[in-house]
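Chains as they are written, first to last, in numbering that gives the first Met the number 0: chain C, 0 to 332; chain B, 0 to 515; chain D, 0 to 165. No residue lacks a Cβ here, since even glycine has one placed at the ideal position from N, Cα and C.
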Amino acid sequence: MIQSKRNSLFVAAAALGVALSGTPAVAQWEPQRTVEIIVPAGTGGGADQMARAIQGIVAKHNLMKQSMIVVNKAGGAGSEGFLDVKGSAGNPHKLIITLSNLFTTPLGTNQPFNWKDLTPVAMLALDEFVLWVNAEKPYKTVKEYLEAAKKGGFKMAGTGSRQEDQIITAAIEKAAGVKFTYVPYRGGGEVAVQLVGNHADSTVNNPIEAVAHWRGGKLRPLCVFDGKPLAYNDKIAGDLAWSSIPTCKSQGLDVEYLMLRGFFMTPDATPDQVKFYVDLFQKVRATQEWKDLMNNGAFNTTFMTGKEYVEWVSREHTRHLNLMKEAGFLAAN
Amino acid sequence: MAEFANLFHGFATVLAFQDVNIFGTTMYLPFNVFIMVVGIVLGVIIGVLPGLGGANGVAILLPLTFSMQPTSAVILLSCIYWGALFGGAITSILFNIPGEPWSVATTFDGYPMAQQGKAGEALTAAFTSSFIGAFFAVIMITLLAPMVAAFALRFGAAEKFAVYFLAFASFVGLSKEPPFKTLAAMLIGFALATFGTDHMTGSLRLTFGSNLLLPGFDFLIAVIGLFGIGEILLTMEEGLKFKGKDAKINLRVVLQTWAKLPQYWWTYLRSCIIGCWMGITPAGATPASFMSYGIAKRVSKNGKNFGNGEIEGVIAPETAAHAAGKSALLPMLALGVPGSPTAAVLLGGLLIWNLQPGPMLFVENKEFVWGLIASMYLGNVVGLIIVLTCVPLLAAILRIPFGIIAPIILMFCAVGAYTVRNSFFDVIMMLAFGILGYLLKKTNYPLAPLVLAMVLGDRAEEAFRQALVGSGGNLGVFFSNALVSSIMALGFIALFWSVISAGISRVRGTNTATAG
Amino acid sequence: MSGDGNAADQGPAHRTVEIGMAIAMGLFAILVIYGAWIAGVGWGFEGPKAGFFPFIIGVILLGATAINLRNGLQTSDTKVFAEWSQLKQVWAVTWPIAVFIALVPYIGIYVASVLLIAFFMMWISSYGPVRFAIIAISVPLITFLVFERWFLVALPKGPLEAMLGY
């Protein structure tokens, strides 16, 4: 790294200069107050990182006159955040970034909310999942791995309980006729290290959570749970790139799973208001910082809005309902 | 040694002069040093405000650093963290309100010292101990990073449970209060920790159908209420003023305190080791501070006087908390596992700047890693100078009349309680915990076991159950290898130490456990 | 700790409060046991269920409070918990905090803080109105600037802030 000559924005100046409101709005709707992004998860997780990255990008490029703040409401597997947005009908200054708990929490805990309670804005990206094993292990393909797993006693470490990682695990069990012992941990980084330390036999970590250990030669990716291989061709570990990882389906393991990184608004948001935020996110997507973020995390960069987005969410909801029903993860009553 | 060459290169990075554009004027300064000072000052402010902890503070300021280059940004954020570590002790000592979870143990002796008019000494001891703990941890990171990272990898769920067990066992059996009251207080802490979502099964427990109880009870809310509000209620009962108004408020107190500190070298060394170990495993700064306090109380010849304003009771937890706080960065950098909530947020920052924590970071981003480590050394020194200069100023706060300072403290407690989780219900709970704290204190129930149980309870339960899920329900997993067995054995020794030593002293005819 | 006067009319007996605390803790223990029972207290294939630990904790807590209750009942201690005048002081600070908290959702934390500080200063200290107005307004104002403008942390705000565009 070479020292940059221009540190033009000095921190206090940045801090002081954020909230400068100015020229009156033209015809379109615009936020009149600070916009809150609710994160239904704790600080430091994937959704939180993305929300704060967007906050930083919006502030740096002056994409919005009002400032943006990030508020974590993680309680009750995220239901605190969703219930807050659901209860703020008519407040156009509140958005929520979703992770899969938009589907899993109401199904798994009977919390009274549903994606239909919220106004869909846009899908910004989809988070990928990869099947990882320790590089010391002999199995190099999904087939060899599943044969070993069929002998029983395999431990799958994952993030959270009855959430995406455990749902994928249940889907693998069903597709391949194996049985795992699922061990839940709090964060993806911790999960990856459990695998490196041989305290677990496999994980379904997101690319960003495990990439460092892949590069370090500690972990081996077996397949990606997407319909097509990842689009990133940069060499990551030796000659391998993200695009070198085959899809699970092509390896005989018919499981696909992608996690939504999208935004929703409060109930009763008007089309004008939704349009403003859709345009805002389009501008965010055009920045170099966003592209770097997508590249680092090997995200699937599908962007959806409107009807297409609603249909996608609706389909995912049904899929989660079925997967969770089969796995016995639905709330008791 | 390659480490030293790298480190010197790191110092060069941090101290490099560059053109900096401040408010339109271009100046030639060591920008990173400047950033460091800003970071420490912001951090101390964040640390002083209860509730707005290091993790929240760093998360809040993270987006503001996007326009900086990664090294400067991480220096800023890590200095906020160091500052918060320093700042947490201030309100603990002055008002019995821990600004951060890891400064709870600092209140046990720090606050009595302040009441005796020794606020300046307590603050100096706390800051100096923080510095020494942190410095020890940084040296360890410099020299042993790869080895330590390999050690951290050996900690699975069973090992983690063993560490929590040891931390807990080192602390219990310490209070002067009646044993069954201690037990009851401890169990209330454990019980409070179980409310809300069960992380293992994702199901809800003890919420009784109420959304308010969904997130469970936060440790910080309980601490702000039990200690902070509870103390204000007690002060009101005793007559409207804070004691310790006659605290010395000149800088000489710093030197006088320093002269006393070298005799506690063994406490320092022990606390540093405890702290580093707890930071790496990673169990965190809060258990480290309690464990260090507990062990110091047992082995010190002034052990009986702990809780009445013993300077060693400030040194032990502060040293360990800082050693843990700094060494928590090592697993983050080397493995990508955050050793503390703040480290978790910093991790997010690294990812945003295209820096991938993990084994390759030390190889591929040498300049960044060693710049950060160099900034730990320098930031620590800068931080110590800043906070020590403030000692007289801080001690003078106690001279502000109660009628002015009390409502301001109450306001900050409420603001702090709200910012922990953005929940209004937490503010109400803060008051409820305050009244509970007042009643418990008046009826001789010790608060320390309660808060320790609350902070360790859910994490210990989680590790216990993770280990059991992995072993198919076999309890033998806690003795399945040399590492976990020896930690468990140490834990049992620590647990029964009080029984053993009580037995010995009873034989000798000296009764140590008297009701307070 | 508390006064060692033995006249019962000076304040509530320490013994009474002890017994009250033990009973309250016992009730809490029963609540925990009940909640744990709903969550499931078994030891499944995957180790203990969600309610297993809370259940054990509740049971031991119930036992410990029973002993504390017995000790409380047996004691012949006649000291008072606190004098009525002292309790009055405690009450005098408790209700303003309660009112302050109750006001926060309606008028926001900043305005409520102004009122709280002003109230305390008028009541406890004897400063002129100018001096306490300066402190009562400046402290929440600085807090407002630090949180809302610099740190971008949203605290509860009321109609006044809304009028100013926050």
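Check, Outcome
"Proximal residues to residue 99 of chain D (C-beta, below 8 Å), its chain only, five neighbours per side dropped", "111, 112, 114 and 115"
"DSSP state of residue 55 of chain D mapped onto helix, strand, coil", "helix"
"Proximal residues, the segment 43 to 60 of chain C versus chain D, C-beta separation under 7 Å", "none"
"Min CB distance residue 341 of chain B to chain D below 8 Å", "no"
"Extent of the continuous beta strand (DSSP E) run through residue 444 of chain B", "From DSSP, residue 444 of chain B is part of no beta strand (DSSP E); its letter is neither H nor E."
"Proximity of residue 74 of chain C and residue 195 of chain B at Cβ, strictly below 8 Å", "yes"
"is_contact[residue 359 of chain B, chain C] using C-beta, thresh 8 Å", "yes"
"Spatially closest choice to residue 114 of chain B from B:443, B:409 and B:92, by CA coordinates", "B:92"
"Beta-bridge pairing of residue 496 of chain B - partner residues as DSSP gives them", "Bridge partners of residue 496 of chain B: none, in fact."
"Local conformation of residue 66 of chain B per DSSP, three classes", "coil"
"Residue closest to residue 77 of chain C, alpha-carbon to alpha-carbon, out of C:222, C:215, C:109 and C:123", "C:109"
"Integer-rounded CB distance, given that residue 168 of chain C should sit under 8 Å from residue 181 of chain C", "5 Å"
"Reduced DSSP secondary structure (H/G/I, E/B, other) of residue 308 of chain C", "helix"
"Short CB-CB distance (under 8 Å) between residue 23 of chain C and chain B", "Residue placement at residue 23 of chain C is poorly supported in this model, since its pLDDT is 44, which falls under 50; the coordinates still yield a value, given next. Cβ-Cβ to chain B under 8 Å: no for residue 23 of chain C."
"Short Cβ contact (8 Å threshold) for residue 94 of chain C with residue 36 of chain C", "yes"
"Inter-residue CB distance, residue 9 of chain D and residue 236 of chain B (contact presumed, cutoff 8 Å)", "Residue 9 of chain D to residue 236 of chain B, Cβ: 14 Å. No contact."
"Chain C contacts from the segment 212 to 240 of chain B (Cβ-Cβ distance under 8 Å)", "213, 214 and 215"
"Pairwise C-alpha distance: residue 166 of chain C and residue 324 of chain C", "10 Å"
"Chain D contacts made by the segment 399 to 419 of chain B, where a contact means CB separation under 7 Å", "400, 401, 402, 403, 405, 406, 407, 409, 410, 413, 414, 417 and 418"
"Residues in the segment 180 to 195 of chain C having any Cβ partner in chain B nearer than 8 Å", "180, 181, 182, 183, 184, 185, 186, 188, 189, 191, 192, 193 and 195"
"Neighbouring residues, chain C, relative to residue 48 of chain B (Cβ below 7 Å)", "Ordered by position in chain C, no residue passes the 7 Å Cβ test against residue 48 of chain B, which lies about 16 Å from the chain."
"Integer Cβ distance of residue 53 of chain D from residue 35 of chain D, believed to fall under 8 Å", "4 Å"
"Per-residue burial, residue 180 of chain D [other beta carbons within 10 Å of its own, 16 or more giving buried]", "Since the first residue shown for chain D is 0 and the last is 165, residue 180 of chain D is missing from the structure and cannot be characterised."
"Unbroken stretches of the alpha helix (DSSP H), 4 residues or longer, contained in the segment 247 to 327 of chain B", "251 to 259, 264 to 279, 284 to 298 and 311 to 326"
"Proximity to residue 436 of chain B [Cα-Cα], best of B:222, B:274, B:212 and B:56", "B:222"
"Length of the line joining the Cα atoms of residue 92 of chain C and residue 427 of chain B", "26 Å"
"Distance between beta carbons of residue 277 of chain B and residue 283 of chain B, contact taken as under 8 Å", "7 Å"
"Beta-carbon spacing of residue 101 of chain B, residue 285 of chain B below 8 Å", "yes"
"Integer-rounded CB distance, given that residue 204 of chain C should sit under 8 Å from residue 296 of chain C", "Going by Cβ atoms, the distance from residue 296 of chain C to residue 204 of chain C rounds to 11 Å, so no, they are not a contact pair."
"Residue range of the unbroken alpha helix (DSSP H) whose run includes residue 103 of chain D", "83 to 122"
"Continuous alpha helix (DSSP H) stretch holding residue 214 of chain C: start and end", "206 to 214"
"Rounded straight-line distance, which links the Cα of residue 54 of chain B to that of residue 416 of chain B", "15 Å"
"Which residues DSSP lists as bridging residue 204 of chain B, in chain order", "B:195"
"Residues that DSSP places opposite residue 181 of chain C in a beta bridge", "C:155"
"Between the CA atoms of residue 429 of chain B and residue 220 of chain B - distance to the nearest angstrom", "6 Å"
"Cβ neighbour criterion (16 or more within 10 Å) applied to residue 105 of chain D", "exposed"
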